[in-house]
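> This is the structure I want to talk about, given as structure tokens.
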């Protein structure tokens, strides 16, 4: 079975230089994408492998970090994003201050003390990327590769091919054309 | 929990091989579910609670950067948490709440059961249909 993300699959057809002799159609169904050409040759299938997202929250000192560490043990290939890494700097103007009786200490217990826009962007960057990459790398969020360009996507197709241990891409092209 | 405890309970019997092709992302943080886009993106949501005195006792044992100043717990931590809990967690469907005093191994076991259930729903529900639609 060939597993590709929808995005990879779609761009694969769009880029299409190996496929230029045939019209490539991508038929979508809830979890499968069938690629076919104008001769009716239909080649399997890309199952969208979207991420599974686990949210672990709770009161300070409640065991959030411990639980997420344990879940990492259960799913060693997972990626983890800690909300704590998005706190604004201590002297940031975004902080709400507690007043002079508390030394104008920043109130870190409010969601406004965090750059949640950035966190959402980072989460989306991971969710929109080819999911299989999370098995390949476990790099920091800010190193998330940008798969926007066709070139990157085509490369990622090759990388995914490597994961499935010698999947024969030439055979795929031959079948299609 | 110290490192020894962590080692002792780190070999829970859970067969993850069925899910090894599923990319998994864990989000961890104290006000995650206050952020709607994050809430919406989670397939499962867990929330750990503590009563005030237990929370205060645990917080005192830890060091933070910047360090807690005297009165910070009563002025910021606890009111912030109470407000967050009542507005974004309490009576909200889709969030599993655990008592943070429960042994963490039990929380782990129960959360894994829920995760496995949701994983099966999301990725294995239509397995037979999927097999039919593969064209050789």
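Residue numbers (this note's numbering), protein chains in the order written: chain F, 1 to 177; chain E, 1001 to 1136. Note that the Cβ used here is the ideal one computed from N, Cα and C, for glycine as well. Keep in mind it's a predicted model, so treat the numbers as computed, not measured.
Could you tell me whether the Cβ of residue 1018/E comes closer than 8 Å to any Cβ of chain F?
It does not; no Cβ of chain F falls within 8 Å.
> Taking 8 Å as the CB-CB limit, is residue 91/F close to chain E?
Chain E, which has no Cβ nearer than 8 Å to the Cβ of residue 91/F, makes this no.
> What is the C-beta distance between residue 1047/E and residue 1097/E, in whole angstroms, given that I count them as a contact (C-beta under 8 Å)?
That belief holds up - the Cβ atoms of residue 1047/E and residue 1097/E are roughly 5 Å apart, short of 8 Å.
> Alpha carbon to alpha carbon, how far is residue 1081/E from residue 1033/E? Give it in angstroms, no decimals.
Roughly 12 Å separates the two Cα atoms.
> Which of the residues in the stretch 1020-1032 of chain E, read from start to end, lie with their CB under 8 Å from any CB of chain F?
Hits within the stretch, in order: 1020, 1021, 1022, 1023, 1024, 1025, 1026, 1027, 1028, 1029, 1030, 1031 and 1032.
> Quick one: grab the DSSP three-state call for residue 1098/E.
DSSP places residue 1098/E in strand when its eight states are reduced to three.
> Find the residues of chain E that neighbour residue 181/F, judging by a C-beta separation of less than 7 Å, and give them in chain order.
Residue 181/F is absent from the structure shown; chain F starts at 1 and stops at 177.
> Between residue 118/F and chain E, is there a C-beta pair that is closer than 8 Å?
With 8 Å as the cut-off, residue 118/F does not count as an interface residue toward chain E.
> Please list the terminal residues of the continuous beta strand (DSSP E) segment that includes residue 1115/E.
Run containing residue 1115/E: none in the beta strand (DSSP E); it sits in the alpha helix (DSSP H), 1104-1119.
> Can you say whether residue 97/F is buried or exposed, counting buried as having 16 or more other CB atoms within 10 angstroms of its CB?
Its Cβ having fewer than 16 others within 10 Å, residue 97/F is exposed.
> So, is the C-beta of residue 1042/E closer than 8 Å to a C-beta in chain F?
At least one chain F Cβ lies under 8 Å of residue 1042/E.
> Grouping DSSP H, G and I as helix and E and B as strand, with all else coil, what is residue 1027/E?
In the structure shown, residue 1027/E sits in a strand (DSSP, three-state: E or B).
> Tell me, please, whether the stretch 1097-1116 of chain E touches the stretch 51-69 of chain F by the rule of three or more beta-carbon pairs shorter than 8 Å.
Touching, yes.
> On a CA-only basis, which of 1104/E, 1066/E and 1094/E is nearest residue 1042/E? Give me that one, please.
Closest option to residue 1042/E, Cα to Cα, is 1094/E.
> In chain order, what residues of the same chain lie with their CB nearer than 6 Å to the CB of residue 54/F, ignoring the 5 residues before and after it?
For residue 54/F, where only same-chain residues beyond five positions count, there are no Cβ hits under 6 Å.
> Could you tell me which residues DSSP puts in a beta bridge with residue 52/F?
Partner(s): 1024/E.
> Residue 1044/E by DSSP, collapsed to three states: which one?
Strand, per DSSP.
> Starting from residue 1051/E and walking both ways along the beta strand (DSSP E), at which residues does that stretch end?
Segment: none, residue 1051/E is in no beta strand (DSSP E) and carries neither H nor E.
> CA-CA distance, residue 71/F and residue 1049/E?
When rounded, the distance between both Cα atoms is 18 Å.
> With which residues is residue 82/F paired in a DSSP beta bridge?
1028/E, per the DSSP bridge assignment.
> Spell out whether any CB of chain F is found under 8 Å from the CB atom of residue 1053/E.
Not an interface residue.
> Between which two residues does the alpha helix (DSSP H) holding residue 1077/E run?
Counting along the chain, residue 1077/E falls outside any alpha helix (DSSP H), and DSSP gives it neither H nor E.
> Please state if the CB of residue 1052/E and the CB of residue 1078/E are separated by a distance shorter than 8 Å.
Contact: yes.
> Measuring alpha carbon to alpha carbon, tell me which of 1088/E, 1104/E and 1120/E ends up nearest residue 1036/E.
For residue 1036/E, the nearest C-alpha among the options comes from 1088/E.
> Check whether the Cβ atoms of residue 114/F and residue 88/F lie closer than 8 Å to each other.
Cβ distance < 8 Å, so residue 114/F and residue 88/F count as in contact.
> Looking at the unbroken alpha helix (DSSP H) that takes in residue 74/F, where does it start and where does it end?
Note, residue 74/F: alpha helix (DSSP H), 64-74.
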